[in-house]
Structures are given as C-alpha cells and as structure tokens.
Amino acid sequence: MVSVLPLPPVTARCRHRALASLAVAACLLPLAAVPAAAAGAMPPPVRPEDRASGAMPPPVRPEDRGDHLTVVVRHAGVGRDGRYDVYCHPEAGRHPDPAGACRVLDENTRWGRDPFAPVAPGTVCTMVHGGPATARITGTWAGRPVDATYDRGDGCRIARWDHMVPLLPRIVGPARTEPPTLGSLQAEPRTSVSA
1 MVSVLPLPPV
11 TARCRHRALA
21 SLAVAACLLP
31 LAAVPAAAAG
41 AMPPPVRPED
51 RASGAMPPPV
61 RPEDRGDHLT
71 VVVRHAGVGR
81 DGRYDVYCHP
91 EAGRHPDPAG
101 ACRVLDENTR
111 WGRDPFAPVA
121 PGTVCTMVHG
131 GPATARITGT
141 WAGRPVDATY
151 DRGDGCRIAR
161 WDHMVPLLPR
171 IVGPARTEPP
181 TLGSLQAEPR
191 TSVSA
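No gaps in the numbering here: position 51 of the sequence shown is 51 in the numbering used here, and each next residue is one more.
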C-alpha cells in the first residue's frame, strides 16, 4: 500500500504558483498565436524591384483630381484669349493665376446655389454692352458637372463675368465696368471752323 504524506507548506505554495502561471500562460497563448496567424495575411514589404516594375499604383495625376475646369476665352483681347485648365485642391494647371481662380471659385460656392448659374430670365439689366468677349467653362466643380457660358452683353452679364475674375480675365474696354475718372469726364476741346 502506498502512503501519502502531506507536503510541506513551501511545496504547496510552489504548486499554487505553478498552477497560476499555467493559467496565465493558457490565457496568453491565443494572443500570441494571433500575430503569427495574421503575419500570413499581411502583404510582404515593398522591395525596390517592385517599385521599378510598376507594381506600385501610379501617382495621382492632376486630371484625376475632382475639381477640374477648362476655361475657353474668345474675343477678350491679346493675352486674354485662350484655353486654360484649372485644378483646385491643390491649385495647379495652365492658368495665369490658378490660386486666384480657385479662391474665387471657393468664395462663390455656397450650399444650394450654383456658382455658374446664368442670369435669371426676366431680370432687369442695364443696357450697356461690355464688348465681344465670350467664355465657356466646362469640367467638374464640387463633384458636379459644369457647362457654363459667359458674355458681356448687358449689365447683368458683365457683373456675372466680373464676379468670376480672376478665373475669367478682367476686361476693361469699350464699356466701362469701373467708376469713371475725372479725366474721362472732361469734355474734348472744341475746334473752331473758319468759313
């Protein structure tokens, strides 16, 4: 027959610590296994030869940005006529002042209001002609398609054009859109005609 002797108190404490350590290890084992299992799901690091082979996506091109407008200006005069591309957020493009163009667009953009809306039908406008300049703006602004035309056929359309400067070029020409100066108000000297 086997006799069981009681363990001394130190041995009982060791057994208790061993069981506690074993319980902690059993709880930590699943946590240690997660990174090992997830390591297979992670993509491998990018190697230099991967970059050279075209495995990386191409950089974002300006034409892939959301806010892109093409402005075509005609009959506005030398240095103003032409086709301009404007990209906003960040500002770029073939435009004389892309930062100013984007700034005026941002200032004119309001919730529920089309910044490119034409003059409302029936609007009373002054009968002043602002010259033959025309412009067409196409593209995408604030996620919406844009196809707007501009001219300077009356006071309302002149104001609409001027509201988009510097996206559209500033026109100072046959019709004054700025307050007159003292020199422009003086009468021309009369010449006397002898008989």
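We put the beta carbon where it would ideally sit given N, CA and C, even for glycine. Since the structure is predicted, the reported quantities are computational estimates derived from the model, not experimental observations.
### For residue 158, the three-state DSSP class (helix, strand or coil)
Correct three-state label for residue 158: helix.
### Task
For residue 66, count neighbouring Cβ atoms within 10 angstroms of its own Cβ and tell me buried if that reaches 16, exposed if not.
Under this definition residue 66 is an exposed residue.
#### Entry: residue 38 in three-state terms, based on DSSP
Because residue 38 carries a pLDDT of 48, less than 50, the predicted location of this residue cannot be relied on, and no value is offered for it.
### Message
Can you give me the C-alpha to C-alpha distance between residue 125 and residue 152, rounded to a whole angstrom?
### Response
Distance between the alpha carbons of residue 125 and residue 152: 12 Å.
#### Entry: Opening and closing residue of the alpha helix (DSSP H) in which residue 104 lies
98-108
### Message
Please return the same chain residues whose Cβ sits closer than 6 Å to the Cβ of residue 256, not counting the five positions on each side in sequence.
### Response
One cannot answer for residue 256 here, as it falls past the ends of the chain, which runs 1 to 195.
### residue 208 vs residue 117 beta-carbon contact at 8 Å
Examination of residue 208 is not possible in this model, given that the chain is present from 1 through 195 alone.
### Message
Please return the same chain residues whose Cβ sits closer than 6 Å to the Cβ of residue 156, not counting the five positions on each side in sequence.
### Response
119, 123 and 125
### Task
Determine the burial state of residue 130: buried for a count of at least 16 other Cβ atoms within 10 Å of its Cβ, exposed for fewer.
buried
### Task
Throw me the rounded Cβ distance for the residue 139 and residue 95 pair, which I believe falls under 8 Å.
The Cβ separation is near 12 Å, so there is no contact.
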